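Enquirer: Got a structure for you, questions after.
Written out as structure tokens, the structure is:
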């Protein structure tokens, strides 16, 4: 029964999305308040019905309704409840349903909180959201119906891919999708602005929080995916340049660019058409990210069942949306107001440079991800590029960008002087230089990249902290003044400092992990000891341990270092239903590095192949990403106060000059 | 001039879309017709597992078998791996080509995840992979008893691919003389 309710809800949601799109756009054109109100209500009802469809599917999973084909394929009665629910978005159809649910949530947010927007702008934003929703609800309904019944009804289901039966699965897709879909807001606002022919500070003030929300979720989502791969895939890698990782990385790069350019638009009224273009590209790439792996153009670790009918539909949708958005841009953007002027050396230029580097970096990732498609289209011989290619080509763009990160916020708006700039950055520069020299002394000239990585990390962290030092006039002002300055520091500045320092922490983590990783592989018997990176690792026992729907071989290790002893358990799980196995590595977390142990199949004589790693600073990679996301969240709470004031003209106060991310 | 600048994005997009459309038209699992029915290109690879014999193109004949191209750094291969182990258990001959990988990493992967391969060669430079037209791992070739390529699977073999495409073909090849 639930499946039929879900099916019906899905059809109603599709019709409501069409109503939403048509009523709002028509209403905005004729300036008809009734039609615009109809569109707003339609968007709320659409959310209601999509949510109902989603809950119906979740309920079918929860009660093991194997007459629903999707449930029978991805769940069985021995699977724990949390993974049965997680399986709701573990399949192609279910994850699409989650995608449209989040889209409907964003749409409803515009309808509810957009009261302070110009009426026609709000209506047009809702209209674009409605069209996007209709396109994807249609995709769901016509090519990937989640509620198809199965007859005869099987006694039990198959199984969710064991690799996906992990807490990571429960959180990673919803968080990442919230990020992807959040960029639809930037897209809708961009299209609405192009139709209206008006972009002002109020527009930017409305768009920025949404971009920030999307960016925060993308950052956390990507970090979670990386962490999940680190502990699940069993060999301790954290980034593989896999097509789908790249597909999430590209919208992140563009969302970062958009975040910065919309700031310039809000504060200075410059970079108008550029910001619009970025908004269109960012959402287009996030659609590519969600869907391209399902189209059959590329295959990857995340690939869902490939079906060329779906591929044609999806590519058609992306092509029509992006194509018409860019055509609209070509037609209308030249009529938009040209922005305020600025000098070569100014914060605006810093952001332009930041945007160019981010755009080129996106282009590099795009080329690397899709080169087989392009070469094939040109009938060239297939050549292959893997992670080494990305490392060589991506790094030259990433390093100058990271160096700019410190300089950008130190620049004044409109114009600046080189001498004054140097006085502001000399402390971070000195610290970074010292770190570079010390690191070189330690690692030798042969590892110049390691030393550069350390220098860069210190540069980023010191540069971010320097913003606070300068703002608080440490060393100049009296104690009372400093206390007042600390208290009056806007949350946006804290956000900026956190985000940029987090990038430094991440840089140090990547440097540590790529430079100083060590490992050992050997056959061990219980009682045997081995040393790795100053730690003594002993295999204590090997036991079998039953799980809810798997059998595990659990090896218990004792790791002793000068900080004491700790026990690590490394497991190998066999899932009888699907005859697959997964590795659950034993990971000893540490501030300065992890011990990572994974085991192979036990040999008949009781010995065990053991592979162990020392991963220095690896947690700093995810820690840095989380600090960045935290910075975004802090900045968002500051902006939250001003979101409603959409019609007020921007009044950058002198104190707010340095306050920007 | 300014107008043209604003036209640039949409023009660039049309080029990309055309490439994707062409990519969609081609079945990625379809081999260039030059290789289907032809003998496997000649190669002679050093072993993955230390002390092993490696893999030569001449080894790929005598009976129908699979040539699986894999790499330790390839996440999809890890997902495909259990199926290969099952095929081995069913008595299917699977040879492995460890592509663009250090032999030590490949050997560690096989010792950890299980070893489905009768013979396994290490193609560190990716040279043999280019001759085979490998674009990404995993890829799997079906080779008949005369050492001719009969089918190529791009991406992981899903249970469905095995049941519907590869197994029927292997059965047919086994019946051929």
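Residue numbers (my numbering), protein chains in the order written: chain A, 1 to 661; chain B, 1 to 177. The C-beta atom is built at its ideal place from N, Cα and C for all residues, glycine as well. The structure presented is a predicted model; accordingly, all values stated were derived computationally and were not measured.
#1: Along the chain, where does the alpha helix (DSSP H) that runs through residue 120 of chain A open and close?
#2: In chain order, which beta strand (DSSP E) runs of at least 3 residues are fully inside the stretch 482-527 of chain A?
#3: Count the other C-beta atoms from every protein chain shown that fall within 10 angstroms of the C-beta of residue 583 of chain A, then say buried if there are 16 or more, exposed otherwise.
#4: Would residue 7 of chain B pass as an interface residue toward chain A - the criterion being a Cβ-Cβ separation below 8 Å?
#5: Cβ closer than 7 Å: which chain A residues qualify as neighbours of residue 114 of chain B?
#6: Bridge partners of residue 581 of chain A, per DSSP?
#7: Taking the alpha carbon of residue 64 of chain A as the point to measure from, which residue in A:458, A:448, A:79 and A:219 has its own alpha carbon closest?
#8: Might you give, ordered along the chain, the residues of its own chain that have their beta carbon closer than 8 Å to the beta carbon of residue 425 of chain A, omitting 5 neighbours on each side?
#9: Taking any Cβ of chain A, which residues in the stretch 82-93 of chain B have a Cβ under 8 Å from it, in chain order?
#10: Rounded to whole angstroms, what is the Cα-Cα separation between residue 544 of chain A and residue 572 of chain A?
#11: Taking 7 Å as the limit between beta carbons, can you name the residues of its chain near residue 21 of chain A, skipping five residues before and five after?
#12: Check whether the stretch 173-185 of chain A touches the stretch 269-288 of chain A, taking contact to mean three or more Cβ pairs, one atom from each stretch, closer than 8 Å.
#13: I want to see whether chain B comes within less than 8 Å of residue 315 of chain A, judged by CB atoms only; does it?
#14: For chain E, check one thing: does any of its Cβ atoms lie closer than 8 Å to the Cβ of residue 560 of chain A?
#15: Please classify residue 457 of chain A: does DSSP put it in a helix, a strand, or coil?
#16: Would residue 518 of chain A pass as an interface residue toward chain B - the criterion being a Cβ-Cβ separation below 8 Å?
#17: Identify which residue in A:282, A:253 and A:339 has its Cα closest to the Cα of residue 322 of chain A.
#18: Please tell me whether residue 48 of chain B and residue 110 of chain B are closer than 8 Å, where the distance is taken between their beta carbons.
#19: Rounding to the nearest angstrom, what Cα-Cα distance links residue 53 of chain A and residue 514 of chain A in this structure?
#20: Please return the same chain residues whose Cβ sits closer than 8 Å to the Cβ of residue 150 of chain A, not counting the five positions on each side in sequence.
#21: With DSSP collapsed to three states, give me the class of residue 51 of chain B.
#22: Counting C-beta neighbours from all protein chains within 10 Å, is the total for residue 391 of chain A 16 or more, i.e. buried, or is it exposed?
#23: Between B:50, B:168 and B:136, which has its C-alpha nearest residue 151 of chain B's C-alpha?
#24: How about residue 537 of chain A and residue 559 of chain A: are their beta carbons less than 8 Å apart?
#25: Check the C-beta distance from residue 418 of chain A over to residue 345 of chain A and give it rounded, since I have them as a contact under 8 Å.
#26: Would you report the Cα separation of residue 351 of chain A and residue 261 of chain A, rounded to the nearest angstrom?
#27: Bridge partners of residue 252 of chain A, per DSSP?
#28: Measure how close the beta-carbons of residue 117 of chain B and residue 149 of chain B come, nearest whole angstrom, since I'm counting them as under 8 Å.
#29: If you draw a straight line from the C-alpha of residue 429 of chain A to the C-alpha of residue 265 of chain A, how long is it?
#30: Can you pull out the residues from the stretch 65-83 of chain B whose beta carbon lies closer than 7 Å to at least one beta carbon of chain A?
#31: May I have the straight-line CA-CA distance separating residue 20 of chain B from residue 374 of chain A, to the nearest angstrom?
#32: What number of angstroms, rounded off, separates the C-alpha of residue 170 of chain B from the C-alpha of residue 140 of chain B?
#33: At 3 residues or longer, what runs of the beta strand (DSSP E) sit wholly inside the stretch 74-162 of chain B?
#34: Below 8 Å on C-beta distance, what does residue 128 of chain B contact in chain A?
#35: Leaving out five residues before and five after residue 37 of chain A in sequence, what residues of the same chain have Cβ atoms less than 6 Å from its Cβ?
#36: Residues in its own chain within less than 8 Å of residue 107 of chain A by CB, not counting five upstream and five downstream?
Expert: Straight from the coordinates:
#1: Segment 119-143, the alpha helix (DSSP H) holding residue 120 of chain A.
#2: Correct list: 518-524.
#3: It is buried - the Cβ of residue 583 of chain A has at least 16 other Cβ atoms within 10 Å.
#4: Residue 7 of chain B counts as touching chain A.
#5: Per Cβ cutoff of 7 Å: 601.
#6: DSSP, once it has assigned bridges, lists A:574 as partnering residue 581 of chain A.
#7: Cα-wise, what sits closest to residue 64 of chain A is A:79.
#8: Cβ neighbours of residue 425 of chain A beyond the five flanking positions: 406, 407, 410, 463 and 466.
#9: For the stretch 82-93 of chain B, residues whose beta-carbon sits nearer than 8 Å to a beta-carbon of chain A comprise 82 and 86.
#10: Rounded to the nearest angstrom, the two C-alpha atoms are 9 Å apart.
#11: So the list reads 127, 130, 131 and 134, once near-sequence residues are dropped.
#12: Contact holds: three or more Cβ-Cβ distances are below 8 Å.
#13: Taking 8 Å as the threshold, the shortest C-beta distance from residue 315 of chain A to chain B falls below it.
#14: Among the protein chains in the structure shown, which are A and B, there is no chain E.
#15: Residue 457 of chain A falls in the helix class under three-state DSSP.
#16: Not closer than 8 Å to any Cβ of chain B, the Cβ of residue 518 of chain A fails to qualify, so no.
#17: The candidate whose alpha carbon is nearest that of residue 322 of chain A is A:282.
#18: Judged by beta-carbon spacing, residue 110 of chain B lies within the 8 Å limit of residue 48 of chain B, meaning their Cβ atoms are closer than that value.
#19: Taking the straight line from one Cα to the other gives about 46 Å.
#20: Once the five neighbours on either side are set aside, the close Cβ partners of residue 150 of chain A are 66, 67, 68, 69 and 72.
#21: For residue 51 of chain B, the secondary structure class from DSSP, reduced to helix, strand or coil, is coil.
#22: In summary, residue 391 of chain A is exposed, with fewer than 16 beta-carbon neighbours lying within 10 Å of its beta-carbon over all protein chains present.
#23: Out of B:50, B:168 and B:136, B:168 has the C-alpha closest to the C-alpha of residue 151 of chain B.
#24: Yes, Cβ-Cβ distance for residue 537 of chain A and residue 559 of chain A is below 8 Å.
#25: Rounded to whole angstroms, the Cβ separation of residue 418 of chain A and residue 345 of chain A is 7 Å, and the two are in contact under 8 Å.
#26: Rounded to the nearest angstrom, the two C-alpha atoms are 6 Å apart.
#27: According to DSSP, which records beta bridges pairwise, residue 252 of chain A is partnered with nothing at all.
#28: The beta-carbon separation of residue 117 of chain B and residue 149 of chain B, rounded to 18 Å, does not stay under the 8 Å limit for a contact.
#29: Roughly 30 Å between the two C-alpha positions.
#30: Those residues of the stretch 65-83 of chain B placed with their C-beta closer than 7 Å to a C-beta in chain A are 73, 75, 76, 78, 79 and 82, ordered along the chain.
#31: Residue 374 of chain A has its alpha-carbon roughly 8 Å from the corresponding atom of residue 20 of chain B.
#32: Rounded to whole angstroms, residue 170 of chain B to residue 140 of chain B spans 13 Å at the Cα level.
#33: Every beta strand (DSSP E) stretch that sits fully inside the stretch 74-162 of chain B and reaches 3 residues is listed by chain position as 94-99, 120-123, 139-143 and 149-154.
#34: Going along chain A, no residue has its Cβ under 8 Å from residue 128 of chain B, so there is no contact; the nearest lies around 12 Å.
#35: If you ignore the 5 residues before and after residue 37 of chain A, its C-beta comes within less than 6 Å of no other C-beta in its own chain.
#36: Cβ neighbours of residue 107 of chain A beyond the five flanking positions: 20, 43, 46, 47, 126, 129, 130 and 133.
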